[in-house]
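In our numbering, the protein residues as written are 125 to 492.
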């Protein structure tokens with residue numbers, strides 16, 4: 125055994141490790157339980173979406189855009205359709221804008237609940253994992269009932285479906301009330317449970333300077349102490365008409381604990397936005413009339429929204445035809461990967477796995 129002591133061993137964490145969600149690999153150099161270096165390796169979920177866009181008409185690519193991240197299909201999809209609408213000077217009906225916000229915030233709640241279930245699994249809190257997952261599936265059911273097929277709800281010029289019956293709204297509001305009780309319980313457990321504190325507090329600390337340097341966005345950036353949210357700082361759609369407070373963690377440690385807490389707070393914020401939309405939504409059409417193939421004028425545009433995992437952008441170049449000349453998708457998960465190599469040095473392996481999980485990286489979104 126002595127000849128093995130002090131030697132570095134290279135192992136692969138993934139691509140089917142629970143922390144990687146089945147789509148990432150980390151080439152790790154280990155000295156016992158100490159991680160000396162970790163190199164992220166992606167490409168397992170690559171689908172050539174940006175190249176597909178160059179051979180598909182504008183409306184047809186809307187379905188593909190939702191597949192950039194199956195966990196949050198409306199992030200890239202909304203960013204894309206807004207870019208086309210701005211370039212083609214298409215006006216979206218106000219009712220459709222409210223419906224888009226409802227769908228996006230339902231999706232945000234569902235994704236964050238899956239994240240809470242995932243973190244509970246990593247820590248070993250099986251009961252909390254099951255409770256979070258159950259509520260995530262209920263919200264997924266509400267979203268499916270409202271939106272139908274996730275691939276088709278958002279369309280250039282509006283949406284394809286209107287609100288469901290009044291019974292659907294009533295049951296949704298009732299479940300939002302129930303959800304508040306659950307997230308309060310989860311937050312209490314996060315702050316007072318010894319196991320949570322031991323595994324999450326001061327693990328994977330990211331300062332606000334590091335977050336800016338490595339271009340972190342979304343909940344990961346806000347957990348480091350910077351109150352930046354495109355819905356508030358650069359309002360789009362009808363967000364300027366809604367009461368929205370940017371969730372940031374009061375602890376300001378920038379660790380895994382704060383990243384979980386920020387997402388808990390975002391669930392409550394999204395629930396509030398849904399309530400406001402249901403109260404304020406006006407009557408009217410949900411889709412503008414588009415009678416001819418979409419041919420935006422020659423030019424380029426960059427449009428960015430606040431997706432589930434942060435800034436989600438679409439850079440679009442038009443040559444005046446029915447197909448994009450060039451499309452580039454910018455996602456929050458890809459930005460987070462650059463930081464993982466820097467932080468994977470001289471730390472316990474268990475802490476590194478917790479760091480990966482707490483960043484909520486979607487391999488599909490990173491690869492596109």
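Backbone N, C-alpha and C define an ideal beta-carbon position, used for all residues, glycine too.
Query	Result
Contact belief for residue 230 with residue 387 at Cβ below 8 Å, rounded distance in angstroms	With a Cβ gap of about 15 Å, residue 230 and residue 387 do not count as contacting.
Nearest-angstrom beta carbon gap, residue 132 and residue 154 [assumed within contact, 8 Å]	7 Å
Nearest-angstrom Cβ-Cβ length linking residue 434 and residue 427, presumed shorter than 8 Å	The pair is not a contact, with the Cβ atoms about 15 Å apart (cut-off 8 Å).
Beta-carbon proximity check, residue 220 vs residue 282, cutoff 8 Å	yes
Span of the alpha helix (DSSP H), counted from its first residue to its last, around residue 201	197-212
Test item: CB-CB of residue 149 and residue 139 under 8 Å	yes
Three-pair Cβ contact test at 8 Å for the stretch 417-432 versus the stretch 175-188	yes
8 Å Cβ cutoff met for residue 401 and residue 225	yes
Per-residue DSSP class, three states only, for residue 142	helix
Residues near residue 267 by beta carbon distance below 8 Å, same chain, minus five either side	227, 230, 231, 234 and 274
Span separating the alpha-carbon of residue 409 from that of residue 287	12 Å
Proximal residues to residue 262 (C-beta, below 7 Å), its chain only, five neighbours per side dropped	299
At least three beta-carbon pairs within less than 8 Å, the stretch 478-490 to the stretch 157-174	yes
The stretch 343-350 contacting the stretch 439-447, beta-carbon criterion three pairs below 8 Å	no
Residue 163 - DSSP class collapsed to helix/strand/coil	strand
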